[in-house]
Structure formats: structure tokens, C-alpha cells
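These notes concern the structure reproduced below.
Residue numbers (our numbering): 18 to 292.
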């Protein structure tokens, strides 16, 4: 059913540390006027900020508590007939979003320079946030993923579309192929994931893992306009933006343009209804 309300779920954390590195991205985007931009489109905005997880053990314990809270927040947003828009530090937040949506045949439209499919056995740099999609498919961190509300292992074959994927090792590339994440045959209910490092490095560093050959601003905006016209988005996650890594204000501005284009397309396709 169409809704006139977006629930803005803000998770300003990097592995549980508030406003640290990519955890500072959500508030920078907000400071550039995201909420007023959405309200100008005739939408009501509810804001749900994930509270501190300082009392949990280490980056692993903190990170999984954030996943649990994001999943619950997404489910609440959907149950209240609102559209969940998540501003998050870490990419793995989308794993929690997938759980919270509770959609059996969920598809994925994934704008990211990286595949996020590492498992602990193949990860080479110790970056925990490179593992979100292996967690979601039931390959890694199985016990802790089992504590995330509504978790179940997801299959990606024929339901996964990468956009802008480019920064991969040979091992990572082969893992994507073996997981069947080469094309999307279903354009139904979709989780949309936007890691702002999908942008070309000519705009400056988005985070600590820049790479050449990414999307230009107009390309990204055009893609975000197109996605709701060819699929059925059920959520949008915008993540992995460290405003202190490069020209944070430029990246935040591009991010808001991309979100606005996406929301305008949701309005035009009837997923959202303005006042």
C-alpha cells in the first residue's frame, strides 16, 4: 500500500563507535538538509536513531547489537506502513535491513565498489565490514547472525545486481561468480544499497578504500531515478561515507541528490504518495 511517510533510521557507527570514520557520514548527510529535502516532496519524516552500544563487547559485539537494532527498527517501520531509509556507517547494515524486511523472495540492487562477500577465511585486511553479505547468506558468523531478529540465510542466485563493482581480488571475483551473483532475473521486491564509494575517486576519497573507474555524479543520479521504475524497492540504505576522508561536503551533496532522485521516482511510481 502506498505511504506518505519515510522512517529515517540513522545508525552513526563504525563497528559500534559513534561518529567514528564512516560512522560520521549519516550526520554529515543530515547536516546538508536531507530531512527538509524530503519534506519538500510532501512527505512526512519519522526519525529513529540507533542508541549507543558502548556497553557491548568489542567491535564484534557492538556491531551485532547494531544489526539487531536495525533489523527491529526496519520491521517497526514497515509494520507502521512507512518506507525505511537507512543512513548507516557500515555496509553490513544492509544485512540487518534484509532481515527486518521479512520478504521471502527479496532481490538486491547493490551500488558498491566492493562485493562485501568476504568470509573470515578469505579476508586479507581485517576489515570486518567486508563480510556483511557472507553473513547474510549463512556462510559466516552463523551463531551471532542467528541473534538478529528475523534472520534466515539468503540465496543470491538470480536475485542480485551489482552496480559499480570494481575493487576485487581474483579470489573475491570468483566467490561472487560461485554465489550466482552475476545477474538479476527478478525485479520484484528489492533492497537497494548505496555505498557512496561507488562514486569515482575523482570526487575525492569517500572512505579509506577508494578506487578508480566509478560512477560519475550524473550517472549515479540517473541510476537512482531508474531503479524504482524497473523494480519494487522496499528500502534504501546509504552507507560507508567518511566525510573526513576527503571532500565530505561534496560527497554529502551528491548523496542527497541521489536520494532525492530515488524518492522522486518512488513518488512517480506510486510507492510513496506526497501530501
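C-beta atoms are modelled at their ideal positions from N, C-alpha and C, and glycine is treated no differently.
Query: State the beta-bridge partners of residue 250 as determined by DSSP.; Result: 207
Query: Can you give the beta carbon distance from residue 139 to residue 254, rounded, assuming they're within the 8 Å contact cut?; Result: Not a contact, Cβ separation roughly 24 Å.
Query: Which residue from 118, 141, 109 puts its Cα closest to that of residue 127?; Result: 109
Query: Can you tell me whether residue 107 is buried or exposed? The criterion is at least 16 other CB atoms within 10 Å of its CB, across all chains shown.; Result: buried
Query: Count the other CB atoms within 10 Å of the CB of residue 151; is the residue buried (16 or more) or exposed (fewer)?; Result: buried
Query: Under three-state DSSP, which class holds residue 108?; Result: coil
Query: Leaving aside the five residues before and after residue 215 along the sequence, list all residues of the same chain whose C-beta is less than 8 Å from its C-beta, in chain order.; Result: 128, 129, 130, 180, 181, 231, 232, 237
Query: Just grab the DSSP bridge partners of residue 256 for me.; Result: 212
Query: For residue 52, report the span of its alpha helix (DSSP H) as first-last.; Result: 51–57
Query: Hey, out of 205, 76, 183, whose CA is closest to residue 34's CA?; Result: 76
Query: Residues in its own chain within less than 8 Å of residue 185 by CB, not counting five upstream and five downstream?; Result: 131, 132, 193
Query: Whole angstroms are fine: how far does the CA of residue 154 sit from the CA of residue 118?; Result: 15 Å
Query: Let me check one thing: in DSSP terms, what residues is residue 35 bridge-paired to?; Result: 30
Query: Any idea which residues DSSP pairs residue 137 with across the strands?; Result: Answer is none; residue 137 lacks a bridge partner.
Query: Express the C-alpha separation of residue 68 and residue 27 in angstroms, rounding to a whole number.; Result: 9 Å
Query: According to DSSP, which residues form a beta bridge with residue 235?; Result: Residue 235 is not bridged to any residue.
Query: Please list the terminal residues of the continuous alpha helix (DSSP H) segment that includes residue 44.; Result: 42–48
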